[in-house]
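Chemist: The opening residue of the sequence shown carries number 49 in this note's numbering; numbering runs sequentially from there. Note that the Cβ used here is the ideal one computed from N, Cα and C, for glycine as well.
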Amino acid sequence: MRYARVSIRAAAFVCAFAAVKAQQFDRCAELTRFQLSGLEITKTELIAAGRTIPAAYPGAPSIGPLPAHCRVDGIINRRKGVDGQEFAIGFAIALPDQDAWNGDFIMQGGGGGNGFVAYPTGASYAGDKPALSRGFAVASTDTGHKARTGPFDFAFMGDQQAYLDFAFLANAEVAGVAKQIIARYYAKPAAYSYFIGCSTGGREGMILSQRYPTVFNGIVSGDPAMRTGLSNLAIGRWIPVAYNQTALKDASGKPQIDKFLTDADRKIFMDALMKQCDAKDGLADGMIFDPLDCDFDPAALACKAGKGEGCIAPEKIAAIKKAFAGPKNAYGTQVYPGFLYDSGITMKGVVPGLLALGRDGLFGPYTTATELDVDKAALHASDPLVEPASTNLSTFSLNGGKLIFFHGDSDPWFSALDTLDYYKSLAATNGGAARVAQWSHIFLVPGMAHCGGGPALD
Numbered sequence: 049m050r051y052a053r054v055s056i057r058a059a060a061f062v063c064a065f066a067a068v069k070a071q072q073f074d075r076c077a078e079l080t081r082f083q084l085s086g087l088e089i090t091k092t093e094l095i096a097a098g099r100t101i102p103a104a105y106p107g108a109p110s111i112g113p114l115p116a117h118c119r120v121d122g123i124i125n126r127r128k129g130v131d132g133q134e135f136a137i138g139f140a141i142a143l144p145d146q147d148a149w150n151g152d153f154i155m156q157g158g159g160g161g162n163g164f165v166a167y168p169t170g171a172s173y174a175g176d177k178p179a180l181s182r183g184f185a186v187a188s189t190d191t192g193h194k195a196r197t198g199p200f201d202f203a204f205m206g207d208q209q210a211y212l213d214f215a216f217l218a219n220a221e222v223a224g225v226a227k228q229i230i231a232r233y234y235a236k237p238a239a240y241s242y243f244i245g246c247s248t249g250g251r252e253g254m255i256l257s258q259r260y261p262t263v264f265n266g267i268v269s270g271d272p273a274m275r276t277g278l279s280n281l282a283i284g285r286w287i288p289v290a291y292n293q294t295a296l297k298d299a300s301g302k303p304q305i306d307k308f309l310t311d312a313d314r315k316i317f318m319d320a321l322m323k324q325c326d327a328k329d330g331l332a333d334g335m336i337f338d339p340l341d342c343d344f345d346p347a348a349l350a351c352k353a354g355k356g357e358g359c360i361a362p363e364k365i366a367a368i369k370k371a372f373a374g375p376k377n378a379y380g381t382q383v384y385p386g387f388l389y390d391s392g393i394t395m396k397g398v399v400p401g402l403l404a405l406g407r408d409g410l411f412g413p414y415t416t417a418t419e420l421d422v423d424k425a426a427l428h429a430s431d432p433l434v435e436p437a438s439t440n441l442s443t444f445s446l447n448g449g450k451l452i453f454f455h456g457d458s459d460p461w462f463s464a465l466d467t468l469d470y471y472k473s474l475a476a477t478n479g480g481a482a483r484v485a486q487w488s489h490i491f492l493v494p495g496m497a498h499c500g501g502g503p504a505l506d
């Protein structure tokens, strides 16, 4: 009789479990009938626990195993645009099981020019497991277009609406739809809504705090692509031109930027930098935790007459100082901030440190020019519609919003000083540093390159 009771209990458990799964399947499938103006739910799927998402690019980690969840795919505002092209704001939402949901919602930011719907896991800057595995409902979006040639395909910007969607509209649209789908699925709204992004995603977070101040309760904005036109001027032209002026030439007389410094030059430079600034925080640990207090001057490394060992050629030192100082126009006005001397500036990678540039950058070979008209280059480099420049966040803060910035000190693409300058302006506009610190903080990350990597502890 004892074995019979155990069997009956086991059977009852299996039946109950099956009933719960059937209910979840029904709720997930039912979302295909969810209707809003301009919304099309294209697919719903109940995903069993254990799925792993492959690495998004070489060197990136895979994500998973993920918990069981309902994945919802859809589009908003399908239309025909320039040259008859099909456009729509694509999105995906991952909804954890009812008993696993923590009651909150996270939207993950994009990267580059967007153009694809990433799997909504909330894995970025989530520690040892993604937000979905922590019980969050998660959403992602392509911000209104499909990339054709890769993550930096900006051809879509020839269509006005696609440009507007990417600039600021799409994330708020998707957030609104996601919140309603979440409320439908769980029969109650999300208690708190968060946005987390880096680079383009960091810019998106800032835009949301400035133009949609009541949509999210908390925003994390990392290495924000605040002023991409000007940062591209710095990394794509100003710095290469400075290096080209002294780099070794090839047989045709063109400068070879990848041979601007030797490995020995880099070692001399980094040894001196770390000796000068590493222990300023009280501990020599290979990290510069207070880069703003780092009074390192590369000029001390310039070779003197008759000395050729343990030093760097004076013309190379002059080029490095010019590069790190950032672009200035003909009047000496700073066009874009300079860059920090940090422990990751010689690191190689997809976005290499400023003392490790190869022949090619993200957008192809670096320029071989040795002169640059900064005034002309900067004339049309700014785009106010895309740039998150406003510092009036009174509604965001009064609504209880919290805003966290982080930026890698070794980021060679977007200067950490630009984000710091914005934060200082934010404090000045909103009652001073002490008052702003009640709802916003900024963290400079030693050794971290663009959104990760480098000798950092991230």
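From Val399 to Arg182, what does the alpha carbon distance come to, in whole angstroms?
Modeler: Mapped onto the sequence shown, residue 399 falls at position 351. Mapped onto the sequence shown, residue 182 falls at position 134. Their backbone Cα atoms lie some 31 Å apart in a straight line.
Chemist: With distances taken Cα to Cα, identify the nearest neighbour of Gly138 among Gly129, Pro178, Thr189, Ile95.
Modeler: Walking along the sequence shown from the start, residue 138 turns up at place 90. Nearest C-alpha to Gly138: Thr189.
Chemist: Would you mind giving the Cβ-Cβ distance between Thr191 and Ala179, rounded to the nearest angstrom? I have them listed as a contact below 8 Å.
Modeler: Residue 191 sits at position 143 when you count from the first residue of the sequence shown. Residue 179 sits at position 131 when you count from the first residue of the sequence shown. About 20 Å; that fails the 8 Å criterion.
Chemist: In angstroms with no decimal places, state the Cα-to-Cα distance between Ala108 and Pro102.
Modeler: Counting from one through the sequence shown, the residue named residue 108 turns up at place 60. Counting from one through the sequence shown, the residue named residue 102 turns up at place 54. Distance between the alpha carbons of Ala108 and Pro102: 9 Å.
Chemist: Specify, as a first and last residue, the run of the beta strand (DSSP E) that Gln156 falls within.
Modeler: Residue mapping note: residue 156 aligns to position 108 of the sequence shown, counting from 1. Here the beta strand (DSSP E) through Gln156 covers 152-156.
Chemist: With a 10 Å radius around its C-beta and 16 neighbouring C-beta atoms as the bar for buried, classify Tyr471 as buried or exposed.
Modeler: Taking the sequence shown and counting its residues from 1, the one referred to as residue 471 is at position 423. The residue is buried, with at least 16 neighbouring Cβ atoms inside 10 Å.
Chemist: What ranges does the beta strand (DSSP E) occupy inside the stretch 268-326, keeping only unbroken runs of at least 3 residues that lie completely in it?
Modeler: Listed in chain order, there is nothing to give.
Chemist: Which residue's Cα is closest to the Cα of Glu221: Pro413, Arg196, Glu252, Arg285?
Modeler: Stepping through the sequence shown from its first residue, residue 221 is reached at position 173. The shortest C-alpha separation from Glu221 is found at Glu252.
Chemist: Report the rounded CA-to-CA distance for Thr394 versus Arg407, giving the unit in angstroms.
Modeler: Along the sequence shown, read from residue 1 onward, the residue named residue 394 stands at position 346. Along the sequence shown, read from residue 1 onward, the residue named residue 407 stands at position 359. Thr394 and Arg407: Cα-Cα distance of roughly 15 Å.
Chemist: Quick test of the definition: if touching needs 3 or more C-beta pairs under 8 Å, does the stretch 452-470 touch the stretch 385-392?
Modeler: Yes, the stretch 452-470 is in contact with the stretch 385-392.
Chemist: Look at the alpha carbon of Gly449 and the alpha carbon of Phe264, and state the distance between them as a whole number of angstroms.
Modeler: Numbered from its first residue, the sequence shown carries residue 449 at position 401. Numbered from its first residue, the sequence shown carries residue 264 at position 216. Rounded to whole angstroms, Gly449 to Phe264 spans 7 Å at the Cα level.
Chemist: Going by alpha carbons, who is nearest to Glu435 out of Phe135, Pro144, Gly224, Arg275?
Modeler: Your numbering for residue 435 matches position 387 in the sequence shown. When each option's Cα is compared against that of Glu435, the closest is Arg275.
Chemist: In this structure, does DSSP put Thr416 in helix, strand or coil?
Modeler: As a first step, residue 416 is located in the sequence shown; it is residue number 368 there, counting from the start. In this structure, Thr416 counts as coil in the three-state DSSP scheme.
Chemist: For the alpha helix (DSSP H) holding Arg196, just list the boundary residues, first then last.
Modeler: What you label residue 196 is simply residue 148 of the sequence shown in a count that begins at 1. No alpha helix (DSSP H) contains Arg196, which DSSP labels as neither H nor E.
Chemist: Since I believe Ile229 is in contact with Val120 (beta carbons under 8 Å), could you give me their beta-carbon distance rounded to a whole number of angstroms?
Modeler: The sequence position of residue 120 within the sequence shown is 72, counting from 1. The sequence position of residue 229 within the sequence shown is 181, counting from 1. Val120 to Ile229, Cβ: 6 Å. Contact.
Chemist: Following the continuous beta strand (DSSP E) through Asn219, name the residue where it begins and the one where it ends.
Modeler: As a position in the sequence shown, residue 219 is number 171, starting the count at 1. First-last for Asn219: 218-234, but that is the alpha helix (DSSP H), not the beta strand (DSSP E).
Chemist: By Cβ distance below 7 Å, which residues in the same chain neighbour Val484 in space, the five residues on each side in sequence not counted?
Modeler: Stepping through the sequence shown from its first residue, residue 484 is reached at position 436. Counting only Cβ-Cβ distances below 7 Å, and skipping sequence neighbours, we find Leu474, Ala475, Asn478.
Chemist: Taking 8 Å as the threshold, find out whether the stretch 447-461 comes into contact with the stretch 350-359 through three or more Cβ pairs.
Modeler: As far as the Cβ criterion goes, the stretch 447-461 does not touch the stretch 350-359, which means the pair count is below three.
Chemist: Less than 8 Å between C-beta atoms, sequence neighbours within five positions excluded: which residues of the same chain meet that for Asp298?
Modeler: Residue mapping note: residue 298 aligns to position 250 of the sequence shown, counting from 1. If we look at Asp298 and ignore the five residues flanking it on each side, its Cβ neighbours are Gln304.
Chemist: Could you tell me whether the Cβ atoms of Ala497 and Gly397 are closer together than 8 Å?
Modeler: Here residue 497 corresponds to residue number 449 of the sequence shown, with the count starting at 1. Here residue 397 corresponds to residue number 349 of the sequence shown, with the count starting at 1. In this structure, Gly397 lies closer than 8 Å to Ala497 by Cβ.
Chemist: Report back the beta-carbon spacing between Gly157 and Ile244 to the nearest angstrom; my notes put them in contact at under 8 Å.
Modeler: The residue given as residue 157 occupies position 109 in the sequence shown. The residue given as residue 244 occupies position 196 in the sequence shown. The pair is a contact, with the Cβ atoms about 6 Å apart (cut-off 8 Å).
Chemist: Kindly list the residues whose CB is nearer than 6 Å to the CB of Leu405, restricted to its own chain and excluding five residues on each side of it in sequence; keep chain order.
Modeler: Locating residue 405 in the sequence shown gives position 357, where the first residue counts as 1. The answer, listed in chain order, is Ile305.
Chemist: Taking all protein chains shown into account, do 16 or more other C-beta atoms lie within 10 angstroms of the C-beta of Asn162, making it buried, or fewer, making it exposed?
Modeler: What you label residue 162 is simply residue 114 of the sequence shown in a count that begins at 1. When all chains shown are included, Asn162 counts as buried.
Chemist: Is it buried or exposed for Ser269, if we count other Cβ within 10 angstroms and need 16 for buried?
Modeler: Locating residue 269 in the sequence shown gives position 221, where the first residue counts as 1. Per the 10 Å Cβ criterion, buried.
Chemist: By the DSSP assignment, the beta strand (DSSP E) with Phe444 in it spans what residues?
Modeler: In the sequence shown, residue 444 corresponds to position 396, counting from 1. From DSSP, Phe444 is part of no beta strand (DSSP E) but of the alpha helix (DSSP H) over 442-446.
Chemist: Over what stretch of residues does the beta strand (DSSP E) that includes Val484 continue unbroken?
Modeler: Position 436 of the sequence shown, counted from the start, is the residue given in the question as residue 484. Premise fails: Val484 lies in the alpha helix (DSSP H), 481-484, not in any beta strand (DSSP E).
Chemist: According to DSSP, is Pro362 part of a helix, a strand, or is it coil?
Modeler: Within the sequence shown, residue 362 is the residue found at index 314, counting from 1. Pro362 falls in the helix class under three-state DSSP.
Chemist: When the Cα atoms are used, what is the spatial distance from Phe214 to Lys128?
Modeler: Indexing the sequence shown from 1 puts residue 214 at position 166. Indexing the sequence shown from 1 puts residue 128 at position 80. C-alpha separation (whole angstroms): 16 Å.
Chemist: Taking 8 Å as the limit between beta carbons, can you name the residues of its chain near His428, skipping five residues before and five after?
Modeler: Within the sequence shown, residue 428 is the residue found at index 380, counting from 1. Cβ neighbours of His428 beyond the five flanking positions: Gly277.
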